[in-house]
Amino acid sequence: MSSGVGETVLFKSVFTDKYVRPINKRTPPNDPKNERLLADGKGGTHMCLVKPHTGIDMFHIKSQETNKYWQVKSARDGWITADADANSDDGTLFDIEYFVAPVTTATAGTTTTVRLRHHYLQRYVCLCKDGDDLCLRALSDSIDKDSKDVFVCEKFQ
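When the letters of the sequence shown are read in order and numbered with the UniProt record's numbering, they come out as residues 1 to 157.
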């Protein structure tokens, strides 16, 4: 398990200038897309960065709205959801992973620009079109030139 609760932040896409939040209450109700993360500007969700026992600048990310951790359902498609009940410090499971988020320099009332990278897959998190939504996906092996992988991290106390 992780070493404890960390900083509380909001992530906002530089590409869309909209906040990241979980998709909730889509139809049909059992659709696995229900818990995907998207940047739609309808209000951000506070995310808690939980520091694991190992790794510098690595965090588990937990949605305070759903009280669930970010995860990747499958290495093949890389869609990121906020529906994992627990975290793991070994970083080897697809369903419970670290994300690299260099936000340690952020202070209350300030922002910093970050790229999130899935530690095990070694892929950057970027926005991908899913129907009408722009959802988060651990897809890019390199830095994206159109900033779909850049987020503003706003820190809260």
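No residue lacks a Cβ here, since even glycine has one placed at the ideal position from N, Cα and C.
Query                                                                                                                                                      : Result
Whose C-alpha, out of T113, P22, K129 and S74, is nearest the C-alpha of K68?                                                                              : P22
So is R123 buried or exposed if we call it buried at 16+ other beta carbons inside 10 Å?                                                                   : buried
Should C128 and L136 be called a contact, given that it needs their Cβ atoms to be closer than 9 Å?                                                        : yes
Give the DSSP bridge partners of F59, in chain order.                                                                                                      : F99
Since I believe M58 is in contact with H119 (beta carbons under 8 Å), could you give me their beta-carbon distance rounded to a whole number of angstroms? : 6 Å
Does the beta-carbon distance from residue 161 to I61 come in below 9 Å?                                                                                   : The question about residue 161 has no answer, for the chain in this structure spans 1 to 157.
How far does the beta strand (DSSP E) with I80 in it reach, from first residue to last?                                                                    : I80 to A84
When every heavy atom of the ligand ZN is checked, does at least one fall within less than 8 Å of the C-beta of L121?                                      : No copy of the ligand ZN occurs in the structure displayed, which carries no ligand at all.
Start and end of the beta strand (DSSP E) containing Y124?                                                                                                 : R123 to D130
Our contact map puts A86 next to S63 with C-beta atoms below 8 Å; I'd like the distance itself, whole angstroms only.                                      : In fact, because the Cβ distance is near 14 Å, the residues do not count as touching under 8 Å.
Which residue from T113, R117, S140 and G131 puts its Cα closest to that of F11?                                                                           : T113
Just the Cα atoms here: how many angstroms apart are P52 and F99?                                                                                          : 11 Å
By the 10 Å Cβ neighbour count, where 16 or more other Cβ atoms means buried, how is I80 classified, buried or exposed?                                    : buried
State buried or exposed for V78, treating a residue as buried only when at least 16 other CB atoms are found within 10 Å of its CB.                        : The question names Val, yet the displayed sequence has Gly at residue 78. Result: buried.
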